[in-house]
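Asks: One structure, as structure tokens, below. Some questions next.
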Amino acid sequence: MSDQSTPSQTEQTLANLLKEDRRFEPPAALAAEANVKADAYDEAAADSDAFWATQAERLSWDKKWDQVLDWSNAPFAKWFVGGTLNASYNCVDRHVEAGNGDKVAIHWVGEPVDDTRDITYAQLKDEVSQAANALTDLGVGTGDRVAIYMPMIPEAIVAMLACARLGAPHTVVFGGFSADALASRIDDCGAKVVVTADGGYRRGAPSALKPAVDEARTKTDKVEKVLVVRRTGQDLGENGWDDAVDVWWHDAVGSASTEHACEAFDSEHPLYVMYTSGTTGKPKGILHTTGGYLTGAAYTHNAVFDLKPETDVYWCTADIGWVTGHSYIVYGPLANGVTQVLYEGTPDSPERGRWWQIIADYKVTLFYTAPTAIRSFMKQGPDVPDRFDMSSLRILGSVGEPINPEAYVWYRHVIGGDRTPVVDTWWQTETGAVMISPLPGVTAGKPGSAMTAIPGISADVVDDEGNSVPNGSGGYLVVTKPWPSMLRTIWGDDDRYVDTYWSRFRKQGFYFAGDGAKKDTDGDIWVLGRVDDVMNVSGHRLSTTEIESALVSHPKVAESAVVGATDPDTGQAVVAYVILREEAGDGGPEIVKELSDHVRREIGPIAKPREIMIVPELPKTRSGKIMRRLLRDVAEKREIGDTQTLADASIMDLISAGQSTSTED
Ligand code: PRX
2 MSDQSTPSQT
12 EQTLANLLKE
22 DRRFEPPAAL
32 AAEANVKADA
42 YDEAAADSDA
52 FWATQAERLS
62 WDKKWDQVLD
72 WSNAPFAKWF
82 VGGTLNASYN
92 CVDRHVEAGN
102 GDKVAIHWVG
112 EPVDDTRDIT
122 YAQLKDEVSQ
132 AANALTDLGV
142 GTGDRVAIYM
152 PMIPEAIVAM
162 LACARLGAPH
172 TVVFGGFSAD
182 ALASRIDDCG
192 AKVVVTADGG
202 YRRGAPSALK
212 PAVDEARTKT
222 DKVEKVLVVR
232 RTGQDLGENG
242 WDDAVDVWWH
252 DAVGSASTEH
262 ACEAFDSEHP
272 LYVMYTSGTT
282 GKPKGILHTT
292 GGYLTGAAYT
302 HNAVFDLKPE
312 TDVYWCTADI
322 GWVTGHSYIV
332 YGPLANGVTQ
342 VLYEGTPDSP
352 ERGRWWQIIA
362 DYKVTLFYTA
372 PTAIRSFMKQ
382 GPDVPDRFDM
392 SSLRILGSVG
402 EPINPEAYVW
412 YRHVIGGDRT
422 PVVDTWWQTE
432 TGAVMISPLP
442 GVTAGKPGSA
452 MTAIPGISAD
462 VVDDEGNSVP
472 NGSGGYLVVT
482 KPWPSMLRTI
492 WGDDDRYVDT
502 YWSRFRKQGF
512 YFAGDGAKKD
522 TDGDIWVLGR
532 VDDVMNVSGH
542 RLSTTEIESA
552 LVSHPKVAES
562 AVVGATDPDT
572 GQAVVAYVIL
582 REEAGDGGPE
592 IVKELSDHVR
602 REIGPIAKPR
612 EIMIVPELPK
622 TRSGKIMRRL
632 LRDVAEKREI
642 GDTQTLADAS
652 IMDLISAGQS
662 TSTED
């Protein structure tokens, strides 16, 4: 693996792999009734077009496709060519037409206790139609982009579906991102309308969002209208409302008609753009289109969670601002007509048992969360979850980063009462849907392994030359065949799309995921983490370069290097090494806090470094490349590795001798 891999994380996973021999067979009853059985793998492999056509039949098409896949202009794919459909109709209207209008689509749980709302499919249809009419009045037409910057309230889902209904691609920006990050995303995709809220509740208090939209508007001139949900009722401040631009949701949407006839769009019509960190400072706008994406989201949600829409109550704890919220809160579950829980706040508000209380209250059967959350609950011990009756649970899912076997086993035992399979699902913003995962009714799960590609998906682990590695060996994770929910391009940058994903194994035509992986002796896949300059902090993707750029934009900073160091709670944590400008002297007593606040302001609280070290030099090769591997050794308090290629080996002594400074305030 390259110098840029994360050795300690990799080593840990490899060590686990060596000693891990636990297996969890699927419960017999679940296996007998499973939606997807073992024969699906062969069936999909035998005729992949026919397999995907069957999956696309889950959806309602206005016009059926003429061709399943057009790969003639690879890597620019077209799926279900000639077909037309409306994503919003598929997620809402058709369930009402099928007689399920009174079924609850969303059990919404606000963070303040007893602030709840149940929304049926019929009500959702009315509200989505109203929002579509209101957006039309605000000037949104087919093809226009709309940015959504919202807390976890039902209106966020309504806004996304209203955009889909109009064929106006949405770009949802995570509410934790700063005004700068919001502005650059609005600017990159040219969003003319922003949907937001005054704020949302987090950790027991209102947390403002609208001021960040106002600030973002000073940095981009693209925005014509801002549609604002009143959630918290907080004071917007003296200049917090601009009559020429700002419109209240309750006025515009509240007064709009509940009738909206939707149009069918081409299968390849853009559905949304989701920004994610890459290896440069500029986030990539990942483009997903309609027919293939919705097919992938609906199929995988059904297969991986063995979904029984009549009886299951599903809950995914991700934020709507990440791809998991797109595929597994909005498009997959709603296309499948489930009843789901949507929770606004933090897991420990007002007390540590809040999540488990919600599971007990709504009798949640399928639960999907991230390893970082599981690890934080593990630290608190089993006493809190043990107070709640969670016997309704039947399948537990994990996503976002490798799940360590201890966390997997704790999850299964303490939360799942040893009855529930755990599905460790590997996928990415780019893949749109789950790619590698156990099937709960088929696979004997191994703690720590995502196991094998699901039926229809072809993944492999290859060496530098693109050759499949034998069982027992490691290499790069690749996808060897196109799949319906694959990204179509990077918004406005086809070249970067080709370079980033398709040039590494151009000869073979493989998609390069950017992850390292190992096949164990049974051929099951263990994902080891990123092999590029992308970090994974609490399951959130951050680019080292993006944070370095934020740091060097501070007037006192000359140069910086950022690494992702292993962290017991967050998987990886941001550790920054900073060289100050000469005129800044020692930077002053507050320098670490100043820099940390600066990163927070530039990107958002998730990018805040765990530690910032002020150093006199950075370790570089003779060609000037920063040796992050050595900096990771320091950050992880390990013996420093091989320094032979350093231009000046004494630098590491200086850096190691320096004081590490935590940014916790
Ligand atoms: O490194 C892998 C890790 O998260 C990356 C994708 O991040 P993002 O696009 O933000 O999507 C997160 C939600 C799908 C991957 O390249 N990753 C995601 N799931 C897993 C994982 N690593 C190991 N095991 C997983 N189950």
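Positions in the sequence shown are counted from 1; adding 1 to them yields the working numbering.
We treat Cβ as the ideally placed atom computed from N, Cα and C, and that holds for glycine.
So for proline 386, helix, strand or coil by DSSP?
Replies: Along the sequence shown, read from residue 1 onward, the residue named residue 386 stands at position 385. Reduced to three states, the DSSP call for proline 386 is helix.
Asks: Among Thr281, Tyr329 and Lys283, which residue has its Cα nearest to the Cα of tyrosine 294?
Replies: As a working mapping, residue 294 is identified with position 293 in the sequence shown. Per the Cα distances, Tyr329.
Asks: Please name the residue in Leu237, Asp199 and Arg218 whose C-alpha comes closest to that of valine 1.
Replies: Since the first residue of the chain shown is 2 and the last is 666, residue 1 is not available in this structure.
Asks: Measure from the alpha carbon of glycine 572 to the alpha carbon of each residue in Ser179, Met536 and Phe266, then state which is nearest.
Replies: To locate residue 572, count along the sequence shown from 1; it is residue 571. Comparing Cα-Cα distances from glycine 572 to each of Ser179, Met536 and Phe266, the minimum goes to Met536.
Asks: Is it buried or exposed for asparagine 468, if we count other Cβ within 10 angstroms and need 16 for buried?
Replies: Numbered from 1 along the sequence shown, position 467 holds the residue referred to as residue 468. It is exposed - the Cβ of asparagine 468 has fewer than 16 other Cβ atoms within 10 Å.
Asks: Counting by C-beta, which residues lie closer than 7 Å to a heavy atom of ligand 1, in chain order?
Replies: The filter returns Thr277, Trp323, Val324, Thr325, Ser399, Val400, Gly401, Glu402, Pro403, Ile404, Asp425, Thr426, Trp427, Trp428, Gln429, Thr430, Glu431, Ala451, Ala514, Gly515, Asp516, Val528, Gly530, Arg531, Asn537, Gly540, His541 and Arg542, in chain order.
Asks: How far does the alpha helix (DSSP H) with isoleucine 359 in it extend, from its first residue to its last?
Replies: The residue given as residue 359 occupies position 358 in the sequence shown. Its alpha helix (DSSP H) spans residues 355–363.
Asks: Hey, how far is the Cα of alanine 257 from the Cα of threonine 347?
Replies: For the purposes of this step, residue 257 is taken as residue 256 along the sequence shown, with counting starting at 1. For the purposes of this step, residue 347 is taken as residue 346 along the sequence shown, with counting starting at 1. Straight-line Cα distance between these residues: approximately 33 Å.
Asks: Would you kindly report the start and end of the unbroken beta strand (DSSP E) that includes cysteine 317?
Replies: Position 316 of the sequence shown, counted from the start, is the residue given in the question as residue 317. Segment 314–317, the beta strand (DSSP E) holding cysteine 317.
Asks: Spell out a yes or no on whether the segment 79–89 and the segment 162–175 are touching, meaning 3 or more CB-CB pairs, one atom from each, closer than 8 Å.
Replies: Enough Cβ pairs lie closer than 8 Å, so yes.
Asks: Which class does threonine 172 belong to by DSSP, given the choice of helix, strand or coil?
Replies: Numbered from its first residue, the sequence shown carries residue 172 at position 171. In this structure, threonine 172 counts as strand in the three-state DSSP scheme.
Asks: Is the Cβ-Cβ distance between valine 314 and lysine 283 less than 8 Å?
Replies: If you number the sequence shown from 1, residue 314 lands on position 313. If you number the sequence shown from 1, residue 283 lands on position 282. For valine 314 and lysine 283, no; Cβs fall outside 8 Å.
Asks: Determine the closest residue to isoleucine 416 out of Gly292, Ser393 and Glu156, with distance taken between C-alpha atoms.
Replies: Translated into positions along the sequence shown, residue 416 becomes position 415. Checking every option, the nearest Cα to that of isoleucine 416 belongs to Ser393.
Asks: Do leucine 397 and phenylalanine 378 count as a contact pair if the criterion is CB distance below 8 Å?
Replies: Here residue 378 corresponds to residue number 377 of the sequence shown, with the count starting at 1. Here residue 397 corresponds to residue number 396 of the sequence shown, with the count starting at 1. Not closer than 8 Å, so no.
Asks: Can you tell me which of the three DSSP states arginine 231 falls into?
Replies: Taking the sequence shown and counting its residues from 1, the one referred to as residue 231 is at position 230. Note: arginine 231 maps to coil in three-state DSSP.
Asks: So which of Gly510, Lys38, Leu272 and Gly493 has the shortest CA-CA distance to alanine 460?
Replies: By one-based count along the sequence shown, residue 460 stands at place 459. The candidate whose alpha carbon is nearest that of alanine 460 is Gly510.
Asks: Helix or strand or just coil, what does DSSP make of serine 651?
Replies: Position 650 of the sequence shown holds residue 651. Coil at serine 651, not helix or strand.
Asks: Helix or strand or just coil, what does DSSP make of histidine 270?
Replies: The sequence position of residue 270 within the sequence shown is 269, counting from 1. If DSSP states are grouped into helix, strand and coil, histidine 270 belongs with coil.
Asks: Using 10 angstroms around the beta-carbon of histidine 251, count the other beta-carbons present and answer buried if the total reaches 16, otherwise exposed.
Replies: The residue given as residue 251 occupies position 250 in the sequence shown. Under this definition histidine 251 is an exposed residue.
Asks: So, helix, strand or coil for isoleucine 186, using DSSP?
Replies: As a working mapping, residue 186 is identified with position 185 in the sequence shown. According to the sequence displayed, residue 186 carries arginine and not isoleucine. Correct three-state label for arginine 186: helix.
Asks: From the DSSP output, in three-state form, read off isoleucine 149 for me.
Replies: Locating residue 149 in the sequence shown gives position 148, counting from the first residue. It is a strand residue.
Asks: Is aspartate 119 helix, strand or coil by DSSP?
Replies: To locate residue 119, count along the sequence shown from 1; it is residue 118. Looking at aspartate 119 - three-state DSSP - the assignment turns out to be strand.
Asks: Please report how far the alpha carbon of threonine 567 lies from the alpha carbon of lysine 519, in whole angstroms.
Replies: Here residue 567 corresponds to residue number 566 of the sequence shown, with the count starting at 1. Here residue 519 corresponds to residue number 518 of the sequence shown, with the count starting at 1. Cα-Cα distance, rounded: 19 Å.
Asks: Could you check which residue in Gly297, Ala75, Trp62 and Leu139 has the C-alpha nearest to that of glycine 457?
Replies: What you label residue 457 is simply residue 456 of the sequence shown in a count that begins at 1. Comparing Cα-Cα distances from glycine 457 to each of Gly297, Ala75, Trp62 and Leu139, the minimum goes to Gly297.
Asks: Can you name, in chain order, every residue of its own chain whose Cβ lies under 6 Å from the Cβ of tryptophan 503, other than the five neighbours on each side?
Replies: Taking the sequence shown and counting its residues from 1, the one referred to as residue 503 is at position 502. The residues are Pro76.
Asks: Could you check if threonine 219 is buried or exposed, using at least 16 other CB atoms within 10 Å of its CB as the buried criterion?
Replies: If you number the sequence shown from 1, residue 219 lands on position 218. Counting Cβ neighbours within 10 Å, threonine 219 comes out exposed, since fewer than 16 surround it.
Asks: Taking alanine 650 as the reference, which of Lys621, Tyr578 and Glu637 has the closest Cα?
Replies: The residue labelled residue 650 in the question sits at position 649 within the sequence shown. With distances taken between Cα atoms, alanine 650 lies closest to Lys621.
Asks: Would you tell me roughly how many angstroms separate the C-alpha atoms of glycine 442 and valine 423, rounded to the nearest one?
Replies: Locating residue 442 in the sequence shown gives position 441, counting from the first residue. Locating residue 423 in the sequence shown gives position 422, counting from the first residue. Distance between the alpha carbons of glycine 442 and valine 423 is about 11 Å.
Asks: Output the distance between the C-alpha atoms of proline 271 and arginine 489, rounded to the nearest integer angstrom.
Replies: Taking the sequence shown and counting its residues from 1, the one referred to as residue 271 is at position 270. Taking the sequence shown and counting its residues from 1, the one referred to as residue 489 is at position 488. So the two alpha carbons sit approximately 9 Å from each other.
Asks: Let's test the definition: count the other Cβ atoms within 10 Å of the Cβ of valine 254 and tell me whether it reaches 16, buried, or not, exposed.
Replies: One-based indexing of the sequence shown puts residue 254 at position 253. So valine 254 counts as buried.
Asks: If we ignore side chains and look at the alpha-carbon of each, how far apart do threonine 14 and alanine 451 end up?
Replies: For the purposes of this step, residue 14 is taken as the residue at position 13 of the sequence shown. For the purposes of this step, residue 451 is taken as the residue at position 450 of the sequence shown. Using only the alpha carbons, I get a separation of about 12 Å.
Asks: Could you tell me whether the Cβ atoms of alanine 445 and phenylalanine 178 are closer together than 8 Å?
Replies: Your numbering for residue 445 matches position 444 in the sequence shown. Your numbering for residue 178 matches position 177 in the sequence shown. Result no, Cβ atoms of alanine 445 and phenylalanine 178 do not sit closer than 8 Å.
Asks: In the DSSP assignment, the alpha helix (DSSP H) including isoleucine 548 goes from what residue to what residue?
Replies: Translated into positions along the sequence shown, residue 548 becomes position 547. Where isoleucine 548 is concerned, the enclosing alpha helix (DSSP H) stretches over 545–553.
Asks: Valine 535 by DSSP, collapsed to three states: which one?
Replies: Working through the sequence shown from its first residue, we reach residue 535 at position 534. Strand, per DSSP.
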